[in-house]
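Novice: Going letter by letter, the sequence shown gives residues -11 to 334 in the numbering used here. For glycine and all other residues, C-beta sits at the position ideal for the given N, C-alpha and C. None of these values were measured; they are calculated from a predicted model.
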Amino acid sequence: MLVKIAPQHAESSAALILANARCLGLEARAMSDGVGGIAIGVSGDLPDGALDVPGVTSVIRKHKPYLLATREIRDTPTLIQVGDVTIGGPEPVIMAGPCSVETEEELIEIARMAKAAGATMLRGGAFKPRTSPYSFQGHGEEGLRRLAHAREITGLPIITEVMEPDMVEMVAHYSDMLQIGTRNMANFPLLKKVGQAGKPVMLKRGFASTIEEWLMSAEYILSHGNPDVVLCERGIRSFETATRFTLDLNAVPLLRELTHLPVIVDPSHGTGKRSLVESMALAGLAAGADGLMLEVHPEPERAMSDAAQTITLDVLERIVRRGRALVELLNGQPLLDPTVTSLITA
Ligand code: PEP
Ligand code: MN
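1) Quick one: is Gly183 buried, meaning 16 or more other Cβ sit within 10 Å of its Cβ, or exposed?
2) So what does DSSP say about Cys220, is it helix, strand or coil?
3) List in chain order the residues whose CB is within less than 7 Å of at least one heavy atom of the ligand MN.
4) Measuring CA to CA, which of Glu266, Ala274, Met292 and His51 is closest to Val251?
5) Could you work out which residue in Arg62, Arg100 and Glu149 is closest to Arg118 when comparing CA atoms only?
6) For Ala334, name the three-state secondary structure that DSSP assigns.
7) Please name the residue, chosen from Thr66, Arg10 and Ala107, that lies closest to Gly85 on a Cα-to-Cα basis.
8) Taking one C-beta from the stretch 288 to 300 and one from the stretch 85 to 98 each time, how about it: are there three or more such pairs within less than 8 Å?
9) In whole angstroms, what separates the C-alpha of Pro188 from that of Pro35?
10) Apply the 10 Å Cβ neighbour rule to Gln(-4) and answer buried if 16 or more other Cβ atoms are within range, or exposed otherwise.
11) My understanding is that Leu338 touches Cys220, with C-beta atoms under 8 Å, so please give their C-beta distance in whole angstroms.
12) Note down the Cα distance separating Ala160 from Ala185, rounded to an integer number of angstroms.
13) Glu15: buried (16+ other C-beta within 10 angstroms of its C-beta) or exposed?
14) Verify whether the separation of the beta carbon atoms of Ile61 and Leu67 is less than 9 Å.
15) Give the secondary structure of Leu280 by DSSP, where H, G and I count as helix, E and B as strand, and everything else as coil.
16) Which of the three DSSP states is assigned to Lys116 in this structure?
17) Could you tell me which whole alpha helix (DSSP H) segments of length 4 or greater appear in the stretch 206 to 252?
18) From Pro80 to Ala18, what does the alpha carbon distance come to, in whole angstroms?
19) Is any heavy atom in the ligand PEP found nearer than 8 Å to the beta carbon of Met268?
20) When the distance is taken between beta carbons, is Ala38 closer than 9 Å to Lys(-8)?
21) Ser1 and Pro65 look like a contact to me (Cβ under 8 Å); what is the Cβ gap, rounded to whole Å?
22) Using the beta-carbon count (16 or more within 10 Å), is Thr229 buried or exposed?
23) Does the ligand PEP have a heavy atom nearer than 8 Å to the CB of Thr234?
24) State the Cα-Cα distance for the pair Gly320 and Met158, rounded to the nearest angstrom.
25) Check this for me: beta carbons of Gly272 and Leu237, under 9 Å apart or not?
26) When burial is assigned at 16 or more other CB atoms within 10 Å of the CB, is Thr347 buried or exposed?
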């Protein structure tokens, strides 16, 4: 059951409904409705008497199973703040960087170049989930230190993957945003842990997961106390082997209908092919994504992992330029001048 409470009664009435639900042995969670009121998701139906509190504006008994992620509980888009960057607002967010954190010098060079090309966040894996146990597994904590150093120099907030529940605290200590990779989308102990990490989380879609399964995973994070969840479409397995994965752009407008959470598109993993990344990045923005995740390297062939899908900084610059023009055209209004944005955030 979903219950919405008007702003003037929000706190006191929400407390009563939560207490009533818990007395009946039901799970209940409250969240902001984005317009001053409170929305409550309850894991079952409350009797009418338990809802007899001031300010209840609507009660929905038939709804999606993801109580907090559903758009039915909150019709206003969720905005997520990562440092100076807002995810889910009018400005598309560009997360760019190498697949794996490289040497300190190289990472800093990439971060500087990515920023100059228009990136707004720096990505890079320190703990890498590799198909082969013999492949490079990432630089671990030293990689996190390098990311933090690159942030210090460029001011770009950082996002990096965490793979194990026991590592969440350490990764959250260094990183501005936590990434849950496709292979861990349904690692429920990990999702519960990042639900308590106090940092925004980007949840990548499992490559063999349905949209409903994906939203249920988001629900794990939300229901454990973290309202800052971003979804990332990164391609799914299909019968097609000509590309590494099949980027499911249907997911973007569909998620807009189903959830208030922001959506990022990752055309690097979604295609696995450098030559396709620009087209699919623009297609992702045209489909309505709030931003992109892109793997970049000054010499892509030398990247320590995912070289085949890594683009140059020139291509990144072109994606940002063309992507912003596309978003302006679709929105019918100009975006902020990036030079002004960088002055504001400097
Ligand atoms: C990555 O972002 O480098 C990564 C490993 O992504 P995914 O989990 O989508 O494969
Ligand atoms: Mn990668």
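Specialist: Straight from the coordinates:
1) buried
2) strand
3) Cys87, Gly113, Ser256, His257, Glu283, Ser293 and Asp294
4) Ala274
5) Glu149
6) Residue confidence is low: Ala334 scores 46 on pLDDT, short of 50, so the model does not pin down where it sits. No coordinate-derived value is stated.
7) Ala107
8) yes
9) 35 Å
10) exposed
11) Outside the displayed span of the chain (-11 to 334) sits residue 338, for which this structure offers no information.
12) 7 Å
13) exposed
14) no
15) strand
16) coil
17) 239 to 246
18) 29 Å
19) no
20) no
21) That belief does not hold up - the Cβ atoms of Ser1 and Pro65 are roughly 25 Å apart, past 8 Å.
22) exposed
23) no
24) 43 Å
25) yes
26) Because the chain in this structure spans residues -11 to 334, residue 347 falls outside the shown range and cannot be described.
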